[in-house]
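Residue numbers (our numbering), protein chains in the order written: chain S, 7 to 170; chain Y, 221 to 578; chain D, 385 to 450.
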Amino acid sequence: MELVIRTLVAATLLGSCTAGLQETAPAPELDRDCFRCNVQPVLAARCAFGECHASAQRPLRLYAVGRMRLDVGWDRLGAPLSQAELDANYEVSRGFVADVQTDSMLLTKPLDTRAGGLYHRAQDLFGDDDVFLSTADPGYARIAEWIAGATAPADCTPTEEVGP
Amino acid sequence: MRLQLIVVLGALAALGVAPAWAQEIEERETGDGAVDASLGIYADDDETTVITSLVDGELKLPVPAVMDAHVLVDAVSSASVDVVSAATPVWTENRIELGANIAARVADMDVSAGYLTSGENDWRSHTVLVGLRREMFQKNTTLSLGYAFTDNQIGRAYDPNFQRELVVHGAELGLSQLLDKKTLVSATYTLQRSDGYHASPYRFVTTATGLASPELHPDDRTRHGVTLRMLRAIGDAASIDVQYRLYADGWGILSHTGTVAWTRELGESVDVRLRARGYYQGAADFYRETYEMPMRFMSADRELGTFWDAGGGAKLSWTGERLALDLKLDGIYYRFLDFARLEGRVALVTSGGIRWSW
Amino acid sequence: MKWVAVVLLLSVSCVQVRPHERAIHARRSMQAAGDPAEKKLDGHVEEYREGSIGGAGAGGGGCGCN
Chain S
7 MELVIRTLVA
17 ATLLGSCTAG
27 LQETAPAPEL
37 DRDCFRCNVQ
47 PVLAARCAFG
57 ECHASAQRPL
67 RLYAVGRMRL
77 DVGWDRLGAP
87 LSQAELDANY
97 EVSRGFVADV
107 QTDSMLLTKP
117 LDTRAGGLYH
127 RAQDLFGDDD
137 VFLSTADPGY
147 ARIAEWIAGA
157 TAPADCTPTE
167 EVGP
Chain Y
221 MRLQLIVVLG
231 ALAALGVAPA
241 WAQEIEERET
251 GDGAVDASLG
261 IYADDDETTV
271 ITSLVDGELK
281 LPVPAVMDAH
291 VLVDAVSSAS
301 VDVVSAATPV
311 WTENRIELGA
321 NIAARVADMD
331 VSAGYLTSGE
341 NDWRSHTVLV
351 GLRREMFQKN
361 TTLSLGYAFT
371 DNQIGRAYDP
381 NFQRELVVHG
391 AELGLSQLLD
401 KKTLVSATYT
411 LQRSDGYHAS
421 PYRFVTTATG
431 LASPELHPDD
441 RTRHGVTLRM
451 LRAIGDAASI
461 DVQYRLYADG
471 WGILSHTGTV
481 AWTRELGESV
491 DVRLRARGYY
501 QGAADFYRET
511 YEMPMRFMSA
521 DRELGTFWDA
531 GGGAKLSWTG
541 ERLALDLKLD
551 GIYYRFLDFA
561 RLEGRVALVT
571 SGGIRWSW
Chain D
385 MKWVAVVLLL
395 SVSCVQVRPH
405 ERAIHARRSM
415 QAAGDPAEKK
425 LDGHVEEYRE
435 GSIGGAGAGG
445 GGCGCN
């Protein structure tokens with residue numbers, strides 16, 4: 007019976023299989039120091055709130071000082087991010103980086119729809135304005151530069167210029 | 221013995237918008253018609269409810285043709301694991317479908333043409349269907365052929381800047397054969413090819429390393445279905461209907477569906493039907509319960525995974541001279557074998573309908 | 385291939401059912417087409433909840449049933 011089914015399936019599938027169904031597609035290896043110094047501060051200041059992305063339920067789940075933590079007790083929420091938390095934020099962020107960089111959801115979701123972004127519930131929470139009102143926002147620019155391959159020295163200091 | 225037509229594939233294909241097949245067009249008189257109204261409710265323990273309302277009307281025209289039109293409305297409310305896991309509160313949506321079809325007798329064939337359109341807040345669809353049916357050998361054999369083209373415009377709720385397209389071509393070839401005075405057998409081959417956006421803009425995949433990505437599905441899909449059926453009379457007032465469907469597609473999904481229905485006429489007007497159905501599906505080649513590393517194609521859709529469902533129910537019908545009523549109750553149990561967030565689900569489907577004909 | 389042969393054989397019959405012999409096929413319980421409204425509603429549930437197609441017509445419109 008199994009041979010019959012396989013014969014039927016093989017005959018009917020002739021020429022109709024989609025290629026490359028099990029190919030791997032590693033996420034781009036973006037600069038970790040640039041993420042730590044230029045992107046993490048933006049995400050912490052503009053995205054990692056309890057109602058937003060400092061939540062394990064979100065696909066873009068972010069750890070930040072004073073907010074959601076991975077391996078720090080409730081009485082030490084103010085401690086600096088651990089390496090594991092930084093690595094987790096890096097991994098989850100680069101997963102949203104598409105081949106066409108301007109299409110990365112890390113940029114298109116927080117960008118206001120009036121500036122060409124995708125719908126983002128933050129627009130409802132922030133009174134009809136999304137996180138980045140335009141591509142000129144310093145926070146948007148820092149994320150875009152990182153996605154485009156920007157690097158930073160290993161001893162860089164996290165930026166305080168994260169936008170409005 | 222007259223040589224019967226041998227066809228590899230067959231079954232009586234009842235197009236969803238061609239109820240005129242059910243009764244010979246030439247047997248109707250001008251002005252004959254009917255209106256059907258049905259209400260169906262699907263509810264499961266994964267916090268999803270779908271209420272479907274359907275109104276369908278048909279009318280025999282002064283020429284050998286029957287026209288019918290329908291409107292269908294789905295009201296969906298869901299707080300399923302998919303919805304909740306994306307940190308979204310309960311989600312509601314309405315879908316409206318409008319359709320019209322005309323079936324006509326042309327030479328020795330019945331031909332039909334139809335149009336469907338449907339809309340939700342994130343999906344617009346237009347479908348054109350055509351069909352042919354030819355009876356042969358003193359109506360012992362019926363050959364049918366159907367084709368449908370669908371253009372889908374896919375959006376994302378509240379998002380004016382997200383727009384994708386999915387184009388679908390479908391075809392069906394069928395043959396039915398009266399085997400003897402009590403038995404009808406049939407088989408159908410269904411082919412469907414879709415190109416475009418197949419994923420969901422609301423689903424995300426998270427790998428074992430913590431990397432998250434929007435769902436990524438292939439841009440094309442070719443699907444095949446073969447259905448075999450036997451309908452046989454039992455005694456002087458009952459029948460048994462057995463169907464089997466084999467399905468396979470280019471994504472690697474292979475499924476089996478079996479249905480058995482027993483119908484008993486109780487007197488002049490009442491029928492009772494008991495039905496059981498089972499379904500088993502193997503996973504798509506690119507589906508994983510957990511992705512160890514990012515892949516070119518990834519999905520969080522449990523309906524692309526390995527699962528089975530089994531269900532059954534009863535239907536009670538009353539048929540009068542002009543009026544017909546029916547009431548149905550089905551229960552379905554789903555078991556997901558590679559989806560950690562939901563191992564099983566129980567659903568109840570109830571429906572009731574009324575038909576007025578003149 | 386045995387099953388394909390069975391289907392083919394079932395399509396060939398030495399018996400031709402004459403019109404006056406089809407009374408049984410005209411019974412309510414032998415209506416092959418079934419109730420179109422029920423087929424549409426049932427097809428809806430299966431379309432929402434399963435990954436397969438076939439056996440119910442060439443097409444039935446699009447649905448964002450995701």
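Where a beta carbon is used, it is the ideal one built from N, C-alpha and C, also for glycine.
Contact annotation: in the region 251-265 of chain Y, residues whose CB is within less than 7 Å of a CB in chain D are Asp256, Ser258, Gly260 and Tyr262. Across the structure, Val348 (chain Y) and His428 (chain D) are spaced so that their CA atoms are roughly 19 Å apart.
In summary, Gln63 (chain S) is exposed, with fewer than 16 beta-carbon neighbours lying within 10 Å of its beta-carbon over all protein chains present. In the structure shown, Trp578 (chain Y) adopts coil according to DSSP, grouped into three states. Ala254 (chain Y) sits away from Ile574 (chain Y), with the two beta carbons spaced by 7 Å or more. According to DSSP, residue pairing for Gly260 (chain Y) in a beta bridge involves Y:Thr272 and Y:Ser571. Only those residues of the region 419-432 of chain Y whose C-beta falls short of 7 Å from the nearest C-beta of chain S are listed: Phe424, Thr426, Thr429, Gly430, Leu431 and Ala432.
The beta-carbon distance between Arg325 (chain Y) and Pro284 (chain Y), rounded to whole angstroms, is 4 Å. This is short enough to meet the 8 Å contact definition. In this structure, S:Lys115 is the residue among S:Tyr146, S:Lys115, S:Leu36 and S:Val78 with its C-alpha nearest to the C-alpha of His59 (chain S).
Considering only beta carbons, the part of the region 513-533 of chain Y lying closer than 8 Å to chain S consists of Met513, Pro514, Met515, Arg516 and Phe517, in chain order. The C-beta distance from His437 (chain Y) to Leu411 (chain Y) rounds to 20 Å, too long to meet the 8 Å contact threshold. The beta-carbon of Glu431 (chain D) is placed no less than 7 Å from the nearest beta-carbon of chain Y. The C-beta distance from Gly435 (chain D) to Ile473 (chain Y) rounds to 5 Å, short enough to meet the 8 Å contact threshold.
Bridge partners of Asp294 (chain Y) according to DSSP: Y:Thr272 and Y:Arg315.
If you compare the alpha carbons of Y:Asn321, Y:Glu313, Y:Gly487 and Y:Asp491 with that of Gln415 (chain D), the shortest gap goes to Y:Asp491. Around the Cβ of Gly260 (chain Y), a 10 Å sphere holds 16 or more other Cβ atoms; the residue is buried.
Ala368 (chain Y): member of the beta strand (DSSP E) spanning Thr361 to Arg376, first to last residue. Taking the C-beta atoms as reference points, Asp521 (chain Y) is found no nearer than 7 Å to Tyr554 (chain Y). CA-to-CA, the gap between Gly251 (chain Y) and Ala421 (chain D) works out to about 21 Å. The beta carbon of Glu35 (chain S) does not come within 7 Å of any beta carbon belonging to chain Y, so the residue lies off that interface. In the DSSP assignment, Trp471 (chain Y) forms no beta bridge with any residue. His404 (chain D) is classed as exposed because its beta carbon has fewer than 16 other beta carbons within 10 Å across all chains shown. Contact annotation: Asp264 (chain Y) and Ala544 (chain Y) have beta-carbon atoms that are not nearer than 7 Å.
When C-beta distances to chain Y are compared with 8 Å, the residues of the region 411-425 of chain D below that value are Arg411, Arg412, Ser413, Met414, Gln415, Ala416, Ala417, Gly418, Asp419, Pro420, Ala421, Glu422, Lys423, Lys424 and Leu425, in chain order.
Close CB contacts of Glu563 (chain Y) within its chain, under the 8 Å cut and outside five residues either way in sequence, are with Arg555 and Phe556 (chain order). By a beta-carbon distance limit of 8 Å, Leu431 (chain Y) contacts Val98 (chain S). Their separation comes to about 6 Å. For Ala453 (chain Y), at least one C-beta of chain D is nearer than 7 Å to its own C-beta.
Between Ile473 (chain Y) and chain D, the shortest Cβ-Cβ separation is below 7 Å. Using a CB distance cut-off of 7 Å, Leu76 (chain S) does not count as an interface residue toward chain Y. Cβ neighbours of Leu399 (chain Y) within its own chain (closer than 7 Å, five residues either side excluded): Val405.
About 18 Å separates the Cβ atoms of Gly339 (chain Y) and Ala368 (chain Y), ruling out a contact at the 8 Å cut-off. Annotation note: the region 11-82 of chain S contains the following uninterrupted alpha helix (DSSP H) runs of length 4 or greater, listed N- to C-terminal: 46-52. Assignment of beta-bridge partners to Gly478 (chain Y) by DSSP yields Y:Tyr464 and Y:Gly498. Among the bridge pairs identified by DSSP, Arg325 (chain Y) is matched with Y:Asp330.
When secondary structure is reduced to three states using DSSP, Arg411 (chain D) falls in the coil class, being assigned neither helix nor strand. When rounded, the separation of the alpha-carbon atoms in Val275 (chain Y) and Asp546 (chain Y) is 15 Å.
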